[in-house]
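Everything on this sheet refers to the single structure shown next.
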Amino acid sequence: MLQTSPVVLRLPFQGRWIAQNSPANRVPSHGTHLFGTTFAIDFVAINERGHSGKRGWRSVLATESPEVFVGFGAPILAPASGTVVAAIDGELDHEARRSQLARIPYAVSQARRIRKGVRAIAGNHVVIAMDSSGPFVLIAHLQSGSVSVEVGSAVEVGDTIGSCGNSGNSTQPHVHVQVTDSTIWPTARGRPVIFERPQLDGGNWLPRNGEAFNTPGPSTTARRRA
């Protein structure tokens, strides 16, 4: 039987971020159980004004370069200690699509990406086995050329594993985190997650959609203001 106790992770970044597609709001959080995404969660870096990137006419009518976004290139850290069992790089960072118009052709092509499998969905990604038989932590949508670990590498929580990108099934630079019972993706089942937050009573927490928060360390806005 699938264990339902939450897996405790550390937030895989520093600075100011906001939660999206959180299982604190609904399950399955991404509208499907496919590829073990039942309890997956997304995080988008924001600046002190709560913006994920500089806005212009392209934000409304067209695609945008991922480089205008606060989080693009931000270091992504291992949310758990373990052994790297997958490290995929080389997928391109797509143009971002905040515009509803720009999302129409993207939505039409969604079925094709699903048929191509996890690489087309997760883009550049790392999977960490917390134990030899799991659970397995997937960190997805990393920047092309940024993955800094290899299969078989031992990682400690907080180690840099790559940078925030816009590869795979992504409409703006963000980091996607999920835990599964397997890396056989067509049949993998999701595991609930919570995150360490020592400054809160109880120490663990799961942010809700739209909840913004700071994590210790350099702010992402020190690199790029929008």
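In terms of this note's numbering, the sequence shown is residues -9 to 216.
Think of the CB as a built atom: it goes at the ideal place given N, C-alpha and C, for glycine as much as any other residue.
Note that the structure is predicted; figures quoted are calculated from it, not measured.
- prompt: So what does DSSP say about Thr210, is it helix, strand or coil?
  reply: As a first step, residue 210 is located in the sequence shown; it is residue number 220 there, counting from the start. Unreliable positioning characterises Thr210 in this predicted model, as indicated by a pLDDT of 48, which lies under 50. The coordinate reading is nonetheless provided below. Here Thr210 sits in helix by DSSP.
Contacting residues, own chain, Cβ-Cβ under 7 Å from Val(-2) (five flanking each side not counted): Position 8 of the sequence shown, counted from the start, is the residue given in the question as residue -2. Sequence-distant Cβ neighbours of Val(-2) in its own chain, meaning closer than 7 Å and more than five residues away, are Ile184, Glu186 and Asn194.
- prompt: In whole angstroms, what separates the C-alpha of Ser172 from that of His23?
  reply: Here the question's residue 172 lines up with position 182 in the sequence shown. Here the question's residue 23 lines up with position 33 in the sequence shown. Approximately 13 Å between the Cα atoms of the pair.
- request: Look up Ile8 in the DSSP assignment and say whether it is helix, strand or coil.
  value: Taking the sequence shown and counting its residues from 1, the one referred to as residue 8 is at position 18. Of the three classes helix, strand and coil, the one that applies to Ile8 here is strand, per DSSP.
query: Among residues of its own chain, excluding the 5 on either side of Ser19, which ones have a beta-carbon nearer than 8 Å to its beta-carbon?
result: Translated into positions along the sequence shown, residue 19 becomes position 29. Around Ser19: Asn11, Ser12, Pro13, Thr27, Thr28, Phe29, Ala30 and Ile31.
- prompt: Rounded C-beta distance between Ala9 and Ser153? I'm assuming under 8 Å.
  reply: Position 19 of the sequence shown, counted from the first residue, corresponds to residue 9. Position 163 of the sequence shown, counted from the first residue, corresponds to residue 153. With 8 Å as the limit, Ala9 and Ser153 do not qualify as a contact, their Cβ atoms being about 20 Å apart.
task: Tell whether a beta-carbon distance below 8 Å holds between Thr170 and Pro125.
output: Within the sequence shown, numbered from 1, the residue matching residue 170 stands at position 180. Within the sequence shown, numbered from 1, the residue matching residue 125 stands at position 135. For the 8 Å CB-CB criterion, Thr170 and Pro125 form a contact.
task: Quick one: using the 10 Å Cβ neighbour count with 16 as the cut-off for buried, is Asp79 buried or exposed?
output: In the sequence shown, counting from the first residue as 1, residue 79 sits at position 89. Asp79 should be labelled buried.
- prompt: So Ile36 packs on Arg16, CB below 8 Å; how close in whole Å?
  reply: On the sequence shown, residue 36 is found 46 positions in, with the first residue counted as 1. On the sequence shown, residue 16 is found 26 positions in, with the first residue counted as 1. Actually they do not touch by this definition, with Cβ atoms about 22 Å apart.
message: What residue range does the alpha helix (DSSP H) around Ile111 cover?
response: Residue numbering aside, residue 111 sits at position 121 when the sequence shown is read from its first letter. It spans Val108 to Ala112 - the alpha helix (DSSP H) in which Ile111 sits, taken as one unbroken run.
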